[in-house]
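Sequences listed follow chains G and H, in order. The numbering used here applies: residue 1259 is where the first sequence begins, and numbers increase by one. The numbering used here applies: residue 1259 is where the second sequence begins, and numbers increase by one. Positions of the beta carbon are idealized from the N, C-alpha and C atoms, including for glycine. Read the structure below first, then the notes.
2 protein chains.
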Amino acid sequence: MIKVAAKETTKKTGKIREKSEYNILQAAQAEFIIQGYKGASVQSIADRAQLPKANVLYYFKNKENIYHAILQLTLDMWDQGIGDIKLEDGPQMAIEKIIAAKVKMSFKNPNASKIYALEIIQGAQHLKDFARTYLRKWVREKAKVFQHWIDNGEMADVNPVNLIFLIWSSTQHYADFETQILTIMNRADYEEEDIEQVTEFLTDIILRGCKLKQ
Amino acid sequence: MIKVAAKETTKKTGKIREKSEYNILQAAQAEFIIQGYKGASVQSIADRAQLPKANVLYYFKNKENIYHAILQLTLDMWDQGIGDIKLEDGPQMAIEKIIAAKVKMSFKNPNASKIYALEIIQGAQHLKDFARTYLRKWVREKAKVFQHWIDNGEMADVNPVNLIFLIWSSTQHYADFETQILTIMNRADYEEEDIEQVTEFLTDIILRGCKLKQ
DNA sequence: ATGTTTGTTGACTGTTTGGTCAATTATTAT
DNA sequence: ATAATAATTGACCAAACAGTCAACAAACAT
């Protein structure tokens, strides 16, 4: 589930270290989702990674460090996976691109999305700065672009911030509520074609909602 | 945050009991959101309720019982708050009604929504039956009504299940991601007028997405 | 008034927790 | 080969944990 991007830890990364850290983070991610931060025990993470607890604590010197490493990977992935929207794309292509990117992320990496969602729902206790600075800036920038298109008569006059929330929530939902959705649809797993189907559905309906009235 | 509906516990409900239980559940709800089920300690719940731990355990004989009581109230509230959709309403009024009801619930009772979201994201460990039976039935029934309108040429041919997910997620988002949304909008709290604004936004855009093409 | 139920609480218990440490073994560099 | 560094792990500890219990106080019913 965890996809390690180009790592840049301060520690020297020997081969064993790299592999062990990956292994531990993989185990920890699952454990943190199921049990929550406080509820996940280092022992249970170690068990899942098939390592002695002391070994886990050798690589990450405490539980919080493990969690922070996971959050960092999650944010990196988000940063990398979410396509940028450019003025020259125009509203239609921009919305298509952003929905496609987010749906893909949700289906390909639901666990990252879940970790993030848990963190926010629980009050962003470990993410305060990120939400306050980076995210606010991101939303405002994108909202500005949408507003430009609106002023320019390229799309309907919808509230850009609400539009971003709509795209965010409707795409994210397929990751965070995976359990519920699969249950409702009576399925065991998502399949490749679900990505296309959902992307098309959301793109269609949201684009129609943003088209100029005539 | 907790709104106690007409209670029907098996235990006799003396006045003191009723008040204490309410007080404890209120404290526990906040604690379970912040710390998660396993992470919340009975001691911390007791502290928040300003009661000795032993007293809390006198009213609810263990932690799981507290949590179950909260989940039950959450489901009751959901069941009661979500308006029904009827064939005779037609698609437009049905969508308006359901969005309005869900947005209102999200803004008026975000904590209930958060508890529910945490449960689902973490795998619905305490809700398996609910999700498997009740919810599936609910979605299928509503999807059937939408399908009828589609077949009858009263609305565009969109996938009804995806439409329900879209309405669910976009409305729920304002409760679950409250922290993030308030941060982005640089606000301390939601205000009454936010309910209208969001309801109008979502209703407009989703209705336009469901209108027949011509 | 008196007995009975209901509520209150400090003290206790066995278990699990995060984290340390020292002793030992692998790996690598020279 | 040997020294230095990295990795492994069982044993250990203080703190926090869920839950019990017995002793007592309040409230209530008659």
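- Of the candidates 1439/H, 1394/H and 1299/H, 1394/H places its Cα closest to the Cα of residue 1422/H.
- A Cβ of chain G is located within less than 8 Å of the beta carbon of residue 1423/H.
- By the rule that beta-carbons nearer than 8 Å mark a contact, residue 1375/G touches chain H.
- 1470/H is the residue among 1462/H, 1470/H, 1434/H and 1389/H whose C-alpha sits nearest the C-alpha of residue 1410/H.
- Residue 1390/H belongs to the set of residues whose beta carbon lies under 8 Å from a beta carbon in chain G.
- Against chain G, a Cβ distance below 9 Å from residue 1302/H picks out nothing, because the smallest value is about 10 Å.
- Residue 1260/H carries a coil assignment under DSSP once its states are collapsed to helix, strand and coil.
- At a beta-carbon threshold of 9 Å, the residues of chain G lying near residue 1393/H are 1438, 1441 and 1442, ordered along the chain.
- Listed along chain H are 1375, 1378, 1379, 1427 and 1434, each with a C-beta nearer than 9 Å to that of residue 1434/G.
- In chain order, 1303, 1306 and 1307 place their CB closer than 6 Å to the CB of residue 1285/G, counting only its own chain and leaving out the 5 sequence neighbours on each side.
- Ranked by Cα distance from residue 1338/G, the options 1367/G, 1314/G and 1349/G are led by 1367/G.
- Residues of chain H with a Cβ closer than 9 Å to the Cβ of residue 1293/G are, in chain order, 1294, 1295, 1296, 1297 and 1380.
- Neighbourhood of residue 1463/H in chain G, by CB distance below 9 Å: 1414, 1416, 1420, 1421, 1424, 1463, 1464, 1466, 1467 and 1468, in chain order.
- Under a criterion of Cβ atoms nearer than 9 Å, the residues of chain H adjacent to residue 1431/G are, in order, 1423, 1424, 1426, 1427, 1428, 1430 and 1431.
- Across the structure, residue 1427/H and residue 1273/G are spaced so that their CA atoms are roughly 42 Å apart.
- Chain-order list of chain G residues neighbouring residue 1365/H: empty, with the shortest C-beta distance near 14 Å, by a criterion of under 9 Å.
- At the C-beta level, residue 1287/G and residue 1373/G come within 8 Å of one another.
- Within chain H, the residues 1442 have their CB atoms less than 8 Å from the CB of residue 1397/G, given in chain order.
- DSSP places residue 1365/H in the uninterrupted alpha helix (DSSP H) bounded by 1348-1366.
- A distance of 8 Å or more separates the beta carbons of residue 1467/H and residue 1357/G.
- Taking 8 Å as the threshold, the shortest C-beta distance from residue 1372/G to chain H falls below it.
- Note that the stretch 1383-1397 of chain H touches the stretch 1430-1450 of chain G; at least 3 beta-carbon pairs, one per stretch, sit closer than 8 Å.
- Closer than 7 Å at the C-beta level to chain G, one finds no residue of the stretch 1307-1340 of chain H.
- Taking a beta-carbon distance threshold of 8 Å, residue 1361/G does not count as an interface residue toward chain H.
- Rounded to the nearest angstrom, the Cβ distance from residue 1429/G to residue 1361/G is 5 Å, consistent with a contact under 8 Å.
- With fewer than 16 neighbouring CB atoms inside 10 Å of its own CB, residue 1391/G falls in the exposed class.
- Residue 1314/H and residue 1335/H have their C-alpha atoms roughly 24 Å apart.
- Rounded to whole angstroms, the gap between the alpha carbons of residue 1354/G and residue 1407/G is 15 Å.
- At a C-beta separation below 8 Å, residue 1456/H has these neighbours in chain G: 1420.
- Taking 8 Å as the CB threshold, residue 1404/H stays off the interface with chain G.
- Residues 1355 of the same chain have their beta carbon placed closer than 8 Å to that of residue 1347/G, with the five preceding and five following residues left out of the count.
- Residue 1433/G and residue 1405/G have their C-alpha atoms spaced approximately 29 Å apart.
- Annotated as proximal: residue 1435/G and residue 1378/H, with beta-carbon spacing under 8 Å.
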